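Residue numbers (my numbering), protein chains in the order written: chain A, -4 to 246; chain B, -4 to 246; chain C, 7 to 397; chain D, 12 to 418; chain E, 856 to 1193.
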Amino acid sequence: MTGEERPAADDIIVCREVHKWFGDFHVLRGLSITVKRGDVVVVFGPSGSGKSTFIRVINRLEEHQRGDVIVDGIELTHDIRNVELVRREVGMVFQSFNIFPHLTVMQNITLAPMRVLRRPRSEAEKQAMELLERVGIPEQAAKYPAELSGGQQQRVAIARALAMQPKIMLFDEPTSALDPEMIKEVLDVMRELAGSGMTMIVVTHEMGFAREVADRMAMFDEGTIIEEGTTAQVFDNPQHERTKLFLSQIL
Amino acid sequence: MTGEERPAADDIIVCREVHKWFGDFHVLRGLSITVKRGDVVVVFGPSGSGKSTFIRVINRLEEHQRGDVIVDGIELTHDIRNVELVRREVGMVFQSFNIFPHLTVMQNITLAPMRVLRRPRSEAEKQAMELLERVGIPEQAAKYPAELSGGQQQRVAIARALAMQPKIMLFDEPTSALDPEMIKEVLDVMRELAGSGMTMIVVTHEMGFAREVADRMAMFDEGTIIEEGTTAQVFDNPQHERTKLFLSQIL
Amino acid sequence: MRILTYRGTPLWRDARVLRAVTQIVFVVIVVAIVVYFVRNVFEAADERGLKLGFGFLEEEAGFPIAESVIGYTESDSFRHAFIVGVVNTIKVALIGIVAATVLGLIVGVSRLSSNWLVKSITSVYVEIIRNVPLLVQLFFWYFGIFLLLPVVQESLRLPGPIYVNNRGVFSVWANTTSSFDSWLLFVLGGVVLAVAVRVILGRIQIETGRNTHPNVAAALALVLLPTLGWFLVGESPLIRETPVLERFNFVGGARVTPEFAALLTGLVVYTAAFIAEIVRAGIQSVQRGQTEAARALGLSDAQTLLSIVFPQALRVIIPPMISQFLNLTKNSSLAIAIGYPDLYAISRIMINQAGRAVPIMLLIMAAYLAMSLTYAIIGNIYNRRVRFTER
Amino acid sequence: MTTSPEILKPPVITTGPIGWIRTNLFSTRLNALLTVVVIALLYFLLRPSLTWLFFDAEWAAVTSNLKLFAVGQYPSDEMWRVGVVVLIVSLLAGLSWRVWSGVARTFARAGGVIFVAMAFVPLSLDSLDVEARLWILANPFVIGLGYLLARVINVPPGRLIIAWAAAFVLVLFLLRGSGWMPGLPEVRTTQLGGLMLTILLSVVGIVASFPLGVLLALGRRSSLPAVSMFCTLFIELIRGVPLITLLFMTQIILPLVLPQDTFLDFIVRDRVMRAFVAITVFSAAYMAENVRGGLQAVPLGQIDAAKALGLNGFNVTLYIVLPQALRAVIPAIVGQLITLLKDTSLVAIVALLDIVGIGRSIILGNVEWRGSQREVYLFLAAVFWIFTYSMSYASRRLEEALGVGRR
Amino acid sequence: NGGDATPVVQTVIVQATPEPVSNRLDVVQDRGRLICAGRTDLAGFGFLDSAGINRGFDIDLCRAIAAAIFGDGNALEVVPITASERGPTIQAGEVDVLSRNVTWTSTRDSQWGNYTTIMFYDGQGFMVPKRLGFDSALDLDGTTVCVTSGTTTELNLADFFRQHNLDLETVVFEDTASVYGAYEAGRCDATTSDKSQLAAIRSGFSDPDAHVILPETISKEPLTPVVAHGDDGWFDLVKTVMWVLINAEELGVTQANVEQQRGSDNIVIRRMLGVEGEFGQSDLGLKATFAVDVIKAVGNYGEIYDRYMGPNGESFTLPRQQNELWTNGGLVYAPPLR
Ligand SMILES: Nc1ncnc2c1ncn2[C@@H]1O[C@H](COP(=O)(O)OP(=O)(O)OP(=O)(O)O)[C@@H](O)[C@H]1O
Ligand SMILES: Nc1ncnc2c1ncn2[C@@H]1O[C@H](COP(=O)(O)OP(=O)(O)OP(=O)(O)O)[C@@H](O)[C@H]1O
Ligand SMILES: [Mg+2]
Ligand SMILES: [Mg+2]
C-alpha cells in the first residue's frame, strides 16, 4: 500500500474508493468510509442505493472489483485465506434471519464454533446458553426454528453470529421483516450489544434506534456515501438536500 | 318430537342441545339457540369456541351428532332431501370469499340459479345484474375474480349467495380478511341487507356494526352460548364475567 | 307449521343408507366382473387345453441361463430358474440404484456449477438422455458399444490385469483357501474395531474440540488387524486368481458380461439424468440465504454443502428419488431386448417352454409388486422419520 | 459532492469475452482444472464420434426406408390420407398460432421450417419422390393459410379446442377408413406403423386414459371406503409393474379373459388394439395420480362454497372441482404424454411395428442393412428427441403461462 | 344386497359363452381376407421390403391360401408376432394360419393346433468362424454359444451338450437378429439355429467364407404351417393348398405357364387345374380352379423357394438339399391330387 496512508491502529474497517459492478451495472461507485473500533455506524438511504451490497462486500459475500477494503488490518483480495480470516472476525445478521431450519436453536448456534473453531461441544453449548440468555430466550434452546416467532428467530441469528466472537457485527435491516412488538425485542438486544462496545454496522431505517445508539451515520445514494458524520450532525444539521429530504420522509 | 314444544311459527332457526365432536374433540357442547324470522344475530367469542362450526352445522356443511337443528321447519337429519331443501333456503358467505376463480363474476353468480333452480340463462343473468348493482359493482360482471380487490370479491360472494333467494344468510367473519377501506364497503352491503328484512347470522368482531345492526347477540365460549340477548343487553349489561372481559378486550 | 322429521326419513333418502348401498353395489359389480373374467379364463383354458396350475414349477426347466448369481443348471426346476431371474433382477437393480444415485448427484450438482462448460455439458446430457426412449438407448449401448469392443483374442489389457473385450470385463480376483474363515474373523474384528474407534474418537473430538484424527485411527484399525491376521492364520487365506486366455475365453477371475454391463450402463445413464434433475431442484429449493449465512459464519464450501444444503435438500429429494429407484427396477425388464436373463426374460422363456402363460404372468406380477411394495415401505419410513425430526 | 457519482464502465477484465471466460471457465482453481479436463475429455470422445458421424456412417438403411419409418405398412395407394391428416394438423396449427400465439406460435413456425427442410432435403428422388415432397411442401403454406384465416375471421379459443377435438376424431376415421365408404377402404390396424403408430398410440392413449384417470382419481379421493380402496389398489397395482409386462399380459391373457366372438372382438382379435388397451390402462393409473394432485390443490373452501349454494355432489365436482383441478394439471399431462411417447417404443418387444419395431425389422429382416445398427438407432433417437424435447419445451412454457394466468 | 346378484352374473356368463368357431372358412370368407401370423424380421422367411410389403417364404404360403379362397393373393393380413406368442395366438384362434417358422413337435401338436404339411425340412446345426478351426460340434467344449430364447433350438442345444458332457456357456436373445449380430461381433464362438437360417445369415456376412457350418445336425426341425384345433375342414383346406404347391412343381406347372398348362394333355395337370375331374375342391368349399389362382399368385413350391433362397434369391442363397422334391432325392413329397 505504498503511497497511501496506512490506516490508524483503531480504524477497524477502511474502505477506499471501492467500486463494484454487477455485470454492466455500477453498484458501488467509489465508496470510502472508515469505521473506528467500538463505533456503531448506522447506514441508511433509498432502496437500491447499494447498502446491502456494501455490507456484503465487507465480509466478502460479494467481491469488489476496484479499491481497497481492509478489515482489522486484513486486506480483502483473492487470497482465500484472508477471506477465511475476515469471516471469522465479522458476524452478520440478515433481514430474512436465514436460520437453519433443520437444526435446533442450540445446533444453529454451536455449528460454526464446533466446525470452524473446533471448540469442544460442552464448551460450545455452554457459550450458546450464555448467548441465548443474553438475547433473552434460553428456554428455546431445544426447539426447531419453525416453532419460534420471527423476533425469536432473529435473536437466535444474532446469538449465532456472536458465538463466533466476532470483532465486528454487520446488520442488514434486521428488523424490517418483523411485526412491531418483535422489532422492539430485537432492537433491545442490539442496544445491549452496542452498549457492550461491539463495533457494528447497521443498515436500518429505525431512526429512533439510530439516534439513541449510533455513533456515526452514513447516508447512501446511488452507490456512494453522500453524507457521513456523527449522529447529531446528520440528524440535526444534514449538509445535503438529499439527506434532508430522505430524513424528512422516513421520520 | 313428542314431548317437546314445537317451535313457534316465526322461529326460523331452532337449535336444541346440539352436540358435535371432531373425533374425540367435543366442539359444540349442548348448544341451544332460537332465531326469529327477520332477526340479525351477531355471534362472537374467542377463537376456537365453535362459532364457525355452529354456522356450518346450520346448513349442514358439518353434521351434528346429537340434538335437533330445525331450519325453517326442516329438521336436519340424514335425509338428503332435507339437506337439499335447507341449502336452498340458506345462503352463506365465508371469511376467505371462496369465489370460484375459474368463472367470471357473472358466471359465479348465475351458476347455482341455473344448475339448481334451473332458471333460464337470460333470467339468471338479469337477476345477477340486479344483485351486482345492489352490492355496487355492476361494471365488474365480465371480470375474473383475480382482477378484483378483496372487498369486491366479498361483495360478489354476497351477491352469489343472494342469487339463490335464500331466507337466511350466514356470514362467517366476512370482513376479517379485508383491509380497512374494504371492510366498510362490505359492511355497507350487509347493513343494507339487514335493513331489507333478511334473517342473518353474522360471526363478526366488528362491534360498531353489531351495535348498529344486530337485533340480538350471542357470546360463544367453549362450544356453548354463554350469553345471549338483545344487543343493548349484551353491550350495556352483560351478565357473565367472560363476556365483560371479552368485550373489554375487543372494544 | 310443518316439520319434516327424523322418523319420517325413508330409507332411499337416508344418507347413511345410500352410502352403504352404493358401496355394496360397487363391490358387487367389481366382484362380478372379476368372477366373470376368471370364469372366462377357466373356460378358455379348458377349451384349449391350457393348464393353469403351478405344479409345473417342480419340473425340470431344461433351458440354459447365461448368467446366474446363485448357480443353475438345465436340470434344475422351473422354480429355481424363476428365482435365478429374480436374483438377477435384484442384482442389476441394486447396483444400478447405487451407481445412478452417485452419477445423478454428480451431474445434478454439476448443473449448478459456476463453470459454464461443466454446466452446459451436463445440461446437454440430461436433455438428450431424458428425451430418448430407454429401449433405443439399450440397443445402442449393447449393439453399438459393448459388442463392438475388441474380440477376446485382442482384448484391451488394463493394469491389474483387467481384460476388456466384447465378452465382458475380466479382472483378477481373489480365491479363498481353507484358512479364509479364520481370517474373516480378523477382518470382521478390524471392521468392528474401526467403527468403534471412529465413533469414540469422533465423540471425543466433538466433546473436547481436540483433533483426535478419528478417520486415520479407524483406517489404521481397519488395515492393521486383517494384516496381522493374514500372517497369524498360517496359510495365505486368499490366493490371487488371474484370468487367463484359454482356447476360447478367459477363465478364472471375476467377470462382468457385456449384457449385464450394457443393461447396467443403460439404466444408470438413463436414471441418473432424472435423478440429476431431482437433485438440482432439491438444491435449488434451499434458499440462497442459507448458503450465505453459512458462509458468513465462516463455514467452508464443503461444510456448507454437507451440513447446511444437503440436509435441507434431502427432504425434497428423497421421495421422488425413491420413485426413480422403482422406475429403474421396473425398467430392468427391458433386459429382454439385450439378452440379460432377468426375471422377465426368464419368465418369458418359461412361458414358451412350459406353456403356462397364466400362472407365470401371475408370478411376474407378484414379483414386481413385491419390489414396489418394498420401495413404498422404505419411502413411508423415511417420510415418517423426516416428519418426526423436523419439528 | 452534490452531483451523482460518475457511472463508470466495468473494468474490461470483468466484461467482454475475456471477462466471460474468466468468470465462466476459470473463476477458481477448481474450475480451471475442470475446464481443462472437460475439454480434453470432449476432444477424445467427440473427435471419433464426429468422424464416424460425418465420414463413416452409412445412412442408406434409413434413407431407403423413409416411408417405412414414417407410416410402416400403410398402403401406398392410400398415402394421400396421411398427407391430408398432416395438412389438417398444419391448418389447425396455423389457426392456433394466431389465436393463442405463445407456444403455438413457436410450434407453428418451427413446424413450417421443418417441413420446408424436409421437402428440400438432399436425398435421391428414390428415397423421397417428388409427389411426397410436394405434399410436405404444402404444409408451410397451409400453416400460413390458417394464420391468415384466423386474422380474417374471429375464432374464439373455445371453438378452436372443439375444432382440435373434432379433427382428432376425423383423423382417426380418415386413417382407418371403413369397409362401406367408397374411396376410403378400410386400413387395418396392422398396417398402421412407424412413427405414425408411435404417435397414434401415445396420443390416443393419453386421450383415452384421461377420462379413466379422472374417474380413478375421483374414486381414490371418494369418501366411500370401498370405492377409494378399490381405486387405490388398482392404481398402485398398475404402477407397480413394468409396462412391458402389461403389454405382454394384454397380448396373451386378454383373449382369455374376455369373451370371444362378441362385440369385443375388435380388442380380443386385434394385436394393436390390445397393446392400446395396455397403454391406456397404464397411462390411466399415472393420469389418476396427476389428477389427484390437481384435486388436492383445490381449496376445501371452494367445495364448501359450492355445497352451500345448493349444488349437489355431482355438480360440485363437474363445475367447481374438476375445472380448477384440471387446469393445474395440464403441464403434468403434457409431461405424461412425453413419457408415453417414449414408452410406446416397448410395443416393439411384442412385435408391433412402431417406429422402433420398424427399425428392428429393417435391421433384422434384410441382410443388406444388418451392418447399420448404429445409424438406425441414432436415427430413432434423433426422431424421439425432436418430439419429446419440443414437447417438454412446450410444457415448460405452458407452466409459465398458467402460473401467471388467472383463469 | 350382494347375495342376489350372483344369479344375474351367471346368466350373463351363460349367455356370453362363445359358440366355438365351427367353420373357419365361412369366417374368413365373411371377413374378406385371410389372417396369418408371420414375422417381419427374418430374412428369407418373413421380412418387410422397402415399400412396406411383408414378404418371404412363410408369407407366400399364406398368400397361396388367400389366393385359393379369394382368387387374390393380396386378400391377406399378416400379423407379426413374437416367438413366445406363437402358441397362445394359434390356440386362441386369433389367426387363421400360423406360418412363422414353427417346428413341429409332438407336444406342440397336442397343445397348439393341427400341423398341416411339412413345407421346409430343417435341422439344427452350428456355425463357427473358420479361423477357430473346428471340424465337429463335439469340439465345442467350453465355448460360448449364442441362441434364440423360447425355441426348441435352445432346448436342443442344452440337450446336446449335456448328452456329450460338454461345457457350455450360452447367451440368449429374444430375436434371431440379435443372436447373429452378437455372433458376428465375436460375442460368441458359435451360434446355433436351423441350418437354413445359418446359411442365410452366413451369406449376409461381409465375408461368408470366414464362417463354416459344422456337419452335425443335432435335431430335426420340420417347419410347418399350423391351424387351430377343432376345424377339420379348414385343416384339410390348408393342407390341400400346400400339396398343390408341391405337386405343381413336380408337374412342371409354373406361374408363367399355368394358363398354357390348362390346355395340357396330362390328365393329372388338368385335374389339378380344375379343367376336368375333381380332387375334393367342392368338399373343401373351394372353386374347382383354385389351383390356377394359387399358382398365378405365388408360383409353385420351387418358385417360392427360389424367389427368396434360390441362386439369385432376394434374401440369400441356400442349396435346396433335403428340400428338393422327392423325385430329385429330397424329402419334399405331397399326396397325389385325385
Ligand atoms: N446479485 C446481483 N446481481 C445483479 N444486481 C444486483 C445483485 N444484487 C443487487 N443488485 C442490484 O444492485 C443494486 C443495489 O442493491 P442493494 O441490495 O445493495 O441495495 P440496498 O440499498 O440494500 O436496497 P434495499 O434497501 O432495497 O435493500 C440494486 O439495484 C439491485 O437490484
Ligand atoms: N374439520 C375439523 N376437524 C377437527 N377439528 C376441527 C375441524 N374444524 C374445526 N375444528 C376445531 O374445532 C374447534 C372450533 O373451531 P371453529 O372453527 O368452530 O372455531 P371458531 O370459533 O370459528 O374460531 P375462529 O374465531 O378462530 O374462527 C377448534 O379448536 C378447531 O381446531
Ligand atoms: Mg438491502
Ligand atoms: Mg371461525
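Glycine is no exception: its CB is placed at the ideal position from the N, C-alpha and C atoms. Values in this document were obtained by computation on a predicted structure and should not be read as measured data.
Discussion item. Quick check on the DSSP output: the beta strand (DSSP E) that includes H200 of chain A runs from which residue to which?
Written reply: H200 of chain A -> no beta strand (DSSP E), and no H or E assigned at all.
Worksheet entry | Residue ranges of each alpha helix (DSSP H) within the region 208 to 296 of chain D, 4 or longer | 236 to 251, 254 to 263, 265 to 268 and 276 to 279
Discussion item. For I196 of chain B and I50 of chain B, which I take to be in contact (beta-carbon distance under 8 angstroms), what is that distance rounded to the nearest angstrom?
Written reply: 6 angstroms
Worksheet item: Any residues in the region 56 to 70 of chain A with a beta carbon nearer than 8 angstroms to a beta carbon of chain D? Which ones, in chain order?
Response: Q60 and R61
Worksheet entry | Neighbouring residues, chain B, relative to T15 of chain C (Cβ below 7 angstroms) | T72, H73 and D74
Worksheet item: Which residues bound the beta strand (DSSP E) around T258 of chain A?
Response: In the structure as shown, chain A begins at -4 and stops at 246. Residue 258 of chain A is therefore absent and cannot be evaluated.
Discussion item. Using 8 angstroms as the cut-off, can you tell me whether the region 196 to 206 of chain B makes contact with the region 159 to 178 of chain B, which would need three or more C-beta pairs spanning the two stretches below that distance?
Written reply: yes
Worksheet item: Among all residues, which have a Cβ less than 5 angstroms from at least one non-hydrogen atom of ligand 1, and in what chain order do they fall?
Response: A:F17, A:V22, A:S42, A:G43, A:S44, A:G45, A:K46, A:S47 and A:T48
Item to complete: Report the neighbours of E17 of chain D on chain A: residues whose CB is nearer than 9 angstroms to its CB, in chain order.
Response: H21, R24 and G25
Item to complete: Figure out for me which residue from D:T261, D:L77 and D:A319 has the closest Cα to the Cα of V292 of chain D.
Response: When only C-alpha atoms are compared, the closest one is D:T261.
Discussion item. On the CB-based measure, 16 or more other CB atoms within 10 Å of its CB, does L162 of chain C come out buried or exposed?
Written reply: exposed
Worksheet entry | Beta-carbon neighbours of V100 of chain D, restricted to chain E and to distances below 8 angstroms | Chain E residues near V100 of chain D: none, gap ~22 angstroms exceeds 8 angstroms.
Worksheet item: Are N172 of chain C and G1041 of chain E closer than 7 angstroms when you measure CB to CB?
Response: yes
Worksheet item: Which residues share a DSSP beta bridge with P1077 of chain E?
Response: E:Y976
Worksheet entry | Extent of the continuous alpha helix (DSSP H) to which H86 of chain C belongs | Taken as a continuous stretch (DSSP letters only), the alpha helix (DSSP H) holding H86 of chain C covers F84 to S116.
Worksheet item: Cα-Cα, which of C:E298, C:M327 and C:T335 is closest to L406 of chain C?
Response: This structure cannot speak to residue 406 of chain C, because chain C is shown only from 7 to 397.
Discussion item. Which same chain residues end up closer than 6 angstroms to G968 of chain E when comparing Cβ atoms and leaving out the 5 residues on each side of it in sequence?
Written reply: I945, V1081, V1082, A1083 and H1084
Worksheet item: Taking the beta strand (DSSP E) that D6 of chain B falls in, what are its first and last residues?
Response: D6 to F17
Practice prompt. Using 10 angstroms around the beta-carbon of R76 of chain A, count the other beta-carbons present and answer buried if the total reaches 16, otherwise exposed.
Written response: exposed
Item to complete: Could you confirm whether any beta carbon from chain D is found closer than 7 angstroms to the beta carbon of M327 of chain C?
Response: no
Item to complete: Count the other C-beta atoms from every protein chain shown that fall within 10 angstroms of the C-beta of E1114 of chain E, then say buried if there are 16 or more, exposed otherwise.
Response: exposed
Discussion item. Run through chain D and tell me which residues come within less than 9 angstroms of L106 of chain B, C-beta to C-beta.
Written reply: In chain order, A317, L320, L322, N326, Y330 and I331 make up the part of chain D whose C-beta sits under 9 angstroms from the C-beta of L106 of chain B.
Discussion item. Could you compute how far the alpha carbon of V13 of chain B sits from the alpha carbon of R24 of chain B?
Written reply: 7 angstroms
Discussion item. Is there a C-beta anywhere in chain A that falls below 7 angstroms from the one on M7 of chain C?
Written reply: With a pLDDT of 45 at M7 of chain C, under the threshold of 50, the modelled position of this residue cannot be trusted; read the value that follows with caution. Cβ-Cβ to chain A under 7 angstroms: no for M7 of chain C.
Discussion item. Are the CB atoms of A343 of chain D and N301 of chain D within a distance shorter than 7 angstroms?
Written reply: The answer is yes: Cβ separation under 7 angstroms.
Worksheet item: Can you find at least 3 beta carbon pairs, one from the region 84 to 91 of chain A and one from the region 106 to 116 of chain A, that sit closer than 8 angstroms?
Response: no
Practice prompt. Would you mind giving the Cβ-Cβ distance between M248 of chain B and F39 of chain B, rounded to the nearest angstrom? I have them listed as a contact below 8 angstroms.
Written response: Summary: the structure shown does not reach residue 248 of chain B, with chain B confined to residues -4 through 246, and so no result is reported for it.
Worksheet item: Should L322 of chain D go down as buried or exposed, given a rule of 16 or more other Cβ atoms within 10 Å for buried?
Response: buried
Worksheet item: Quick one: is F1028 of chain E near chain G, going by C-beta distance under 7 angstroms?
Response: No chain G appears in the structure shown, which is made up of the protein chains A, B, C, D and E.
Worksheet item: If you measure from the beta carbon of D1044 of chain E to each beta carbon in chain C, is any gap under 7 angstroms?
Response: yes
Fill in: Bounding residues of the alpha helix (DSSP H) (the contiguous stretch that carries E1131 of chain E)
Taken as a continuous stretch (DSSP letters only), E1131 of chain E belongs to no alpha helix (DSSP H), as it is neither H nor E.
Worksheet item: On the premise that R894 of chain E lies in contact with P935 of chain E, defined as a C-beta separation below 8 angstroms, what is that separation, rounded to the nearest angstrom?
Response: 5 angstroms
Worksheet item: Starting from S27 of chain B and walking both ways along the beta strand (DSSP E), at which residues does that stretch end?
Response: In this chain, the beta strand (DSSP E) harbouring S27 of chain B covers F20 to K31.
Item to complete: Run the CB neighbour count on F95 of chain B, radius 10 Å, all protein chains shown included, and call it buried at 16 or more, exposed below.
Response: buried
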